[in-house]
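Those sequence lines, one after another, are chains A and B.
Start counting the first sequence at 1; every next residue gets the next number (the numbering used here).
Start counting the second sequence at 1; every next residue gets the next number (the numbering used here).
Okay, structure first, notes after.
Protein chains: 2
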Amino acid sequence: MKTRDKILLSSLELFNERGERNVTTNHIAAHLAISPGNLYYHFRNKSDIIYEIFLEYEKLVDFYLDIPEERAMTLDDMTFYLESVFDGLWSYRFFHRDLEYLLDSDQRLRQDYRDFTNRCLASISRIFEKLAEAGIIEPQEEDLRSAMSLNVWLVITNWMAFLKTAHAAEESACLTLTELKQGIYQVLTLEIPYLTPDYRERVMALREKYRPALHEKGESGEDSCT
Amino acid sequence: MKTRDKILLSSLELFNERGERNVTTNHIAAHLAISPGNLYYHFRNKSDIIYEIFLEYEKLVDFYLDIPEERAMTLDDMTFYLESVFDGLWSYRFFHRDLEYLLDSDQRLRQDYRDFTNRCLASISRIFEKLAEAGIIEPQEEDLRSAMSLNVWLVITNWMAFLKTAHAAEESACLTLTELKQGIYQVLTLEIPYLTPDYRERVMALREKYRPALHEKGESGEDSCT
DNA sequence: GTATTATTAGAGTATATACTCTAGTGAGTC
DNA sequence: GACTCACTAGAGTATATACTCTAATAATAC
């Protein structure tokens, strides 16, 4: 693997693990056992590394949220969107953590991220529209749909942060898949009132699958954390 | 005013304006025209300053979210809660911005914040319960109520961050009251499906008051930013 | 007034951070 | 063998950051 790619990979790994703020370019170089000079041969600065990682993230999510227009939407599609988006969020979780700072230090990123957000919001709204066409949820006015989409976006993008803060003693690195996927439970909670009678039970059953086994406090140690 | 209080005040101001990460203890001292030594006479370290600011924030929100048990809840109460919480959020907006980092560097803060979150969630849930008792919304099972409360919490605490990222060119400091209060519009969007016929129109009218005058893009310059 | 305590200034320090500069190395080309 | 060129090492730099130390001053108590 090329050094350049190794730098991107290691950076992402370290950023996710410790937070961008706690990872210096020297750390990244040390982690790869290369010299700082080498790192700076491949990237002009830290922002450039972050920007390239963002481009990967963007590409991944855009891929996941590509809505097929030629056929009706199914419940499986919706499940796929939710699962995928949360997986993407997990893989690039450092990004939303320090978002504001990152956008403040890179105008390019700010602009791109804004466009990215708008595309995501449009996709979410389109998903609602197609879910309505498929008779899964009741159709809604555009106004309401876009407000709902925004709420879905807020819940999705901030679920991880919430989880991290909800843990008291443990290190923030300790997050289980169960917990992550509980975000889907929260998103489906938003949809409940709009479900059609035909699909209500099915969606509620789906939602139930993501309900946390135990209530928030006093997690049992069934999932191991590294 | 005591130097100690002035330090807290200036710190909050600078943190809100530039983000905690971009504000050093030396900046704070310089801003107050006192020496760093003086600052460190009053506070052991930067974390202590932040912790004390958090305690203020906590006190304020706890005060706002004190639910009177002896009487029924009105629509005005709900409006007050929403307005107050967003005002509080605004006054201490730096806090949620760098939350994860702050909690990672101060265990005391992590524990306290966790308790604080749980209290807030309980209050939100209690508000829903009392709104149902008052016939404003339909009563819901506890499960659903707590999932809804969590969604409300996510929308509220992350609304500001979303606004900051939604702006492309402008500095993040440029936020208008109109925009901030649009968060209330989003929260009320969550409640819509649960409104009772009696109150539906009234709440929808209330919500309408917080709708952004123009659509997201291309804000007109009616509100001035510093 | 004198002693004590609270407060302040301001220079200073150890460490870290993002990044630079120079001097290479090694694989391919002719 | 000489040349090129992508790549790498590693020491080094300017600046910043959180924080300390000493000495001086203001406030208060007796």
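Every residue gets a Cβ at the ideal spot worked out from N, C-alpha and C, and that includes glycine.
Small disclaimer: the values here were computed from a predicted structure and weren't measured.
The three-state secondary structure of B:Leu-195, taken from DSSP, is strand. Among the residues facing chain A, B:Ala-205 is not included, as its CB has no counterpart in that chain under 8 Å away. With a cutoff of 8 Å on beta-carbon distance, A:Leu-75 and A:Ile-136 are scored as near each other. Around the beta carbon of A:Leu-177, a 10 Å sphere encloses fewer than 16 other beta carbons of the protein chains shown; the residue is thus reported as exposed.
Taking B:Ile-49 as the centre and dropping the five residues before and after it, the same chain places the C-beta of Ser-11 and Phe-43 closer than 6 Å to its C-beta, in chain order. Neighbours of B:Met-148 in chain A, taken as residues whose beta carbon is under 7 Å from its own, are Thr-189 in chain order. The beta carbon of B:Gly-88 lies closer than 8 Å to those of Tyr-57, Leu-60, Val-61 and Tyr-64 in the same chain, with the five residues before and after it left out. For a Cβ distance threshold of 7 Å, residue set Thr-165 of chain B lies close to A:Tyr-113, ordered along the chain. Taking a cut-off of 8 Å on C-beta distances, the region 66-80 of chain B touches the region 193-209 of chain B, as three or more cross pairs fall below it. Taking a cut-off of 8 Å for Cβ pairs, the region 35-42 of chain B and the region 90-105 of chain B do not touch, as fewer than three such pairs fall below it. When B:Lys-130, B:Ile-192 and B:Leu-121 are compared, the shortest CA-CA separation from A:Met-148 is found for B:Ile-192.
The bridge partners DSSP lists for A:Ile-137 are A:Leu-195. Against A:Asn-45, chain B offers no close residue; the least beta-carbon distance is about 17 Å (beta-carbon pairs closer than 7 Å).
Per DSSP, the continuous alpha helix (DSSP H) segment holding A:Ala-166 begins and ends at 142-166.
The beta carbons of B:Ser-125 and B:Ser-91 sit no closer together than 8 Å. Here the region 177-187 of chain B makes no contact with the region 125-134 of chain A; the two share fewer than three CB pairs at distances below 8 Å. Scanning its chain for C-beta atoms nearer than 8 Å, with the 5 sequence neighbours on each side dropped, one finds around B:Val-187 the residues Leu-82, Val-152, Val-155 and Ile-156, in chain order. Residue burial annotation: B:Asp-198 is exposed, with fewer than 16 other C-beta atoms found within 10 angstroms of its C-beta. Here DSSP, grouped into helix, strand and coil, assigns A:Lys-6 to helix. Contact of B:Glu-179 with chain A is not assigned, every C-beta pair being separated by 8 Å or more. At a cut-off of 8 Å between C-beta atoms, B:Ala-122 does not count as an interface residue with respect to chain A. In this structure, the CA atom of A:Gln-140 is about 21 Å from the CA atom of A:Glu-70.
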